[in-house]
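Peer 1: Those letters in the sequence shown? Residues 1174 to 1231, by my numbering. Ideal placement from N, C-alpha and C gives every residue a C-beta, glycine not left out. Keep in mind it's a predicted model, so treat the numbers as computed, not measured. There's a structure below that I have some questions on.
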Amino acid sequence: MTAPFKTCMLIDDNYIDSFITRRVLESSNFAENIIVRQSPMEAIESLKSGSVNPDVIF
1174 MTAPFKTCML IDDNYIDSFI TRRVLESSNF AENIIVRQSP MEAIESLKSG SVNPDVIF
């Protein structure tokens, strides 16, 4: 089964929450790539620089 999305960005400053969410997304084959950022500013910088081009952001 192919993933419905290519890239998903997960933004969460809590390590445990982001770990669990990432595992759920991976086990459900939600996206080919799951990128985790620890803060909104880090996520914005990734988006501005163009290093990440997510289809979905949580």
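1. If you draw a straight line from the C-alpha of Ile-1230 to the C-alpha of Met-1182, how long is it?
2. Output yes or no for whether 7 Å exceeds the beta carbon distance between Ser-1224 and Val-1209.
3. Any idea what DSSP makes of Phe-1192, helix, strand or coil?
4. In angstroms with no decimal places, state the Cα-to-Cα distance between Ala-1216 and Pro-1177.
5. Mind checking which residues open and close the alpha helix (DSSP H) that includes Met-1214?
Peer 2: Taking the geometry as given:
1. Answer to the nearest angstrom: the Cα atoms are 5 Å apart.
2. The Cβ-Cβ distance between Ser-1224 and Val-1209 does not fall below 7 Å.
3. In this structure, Phe-1192 counts as helix in the three-state DSSP scheme.
4. Note on geometry: alpha-carbon atoms of Ala-1216 and Pro-1177 lie some 22 Å from one another.
5. Counted as a single uninterrupted DSSP element, the alpha helix (DSSP H) harbouring Met-1214 occupies residues 1213–1222.
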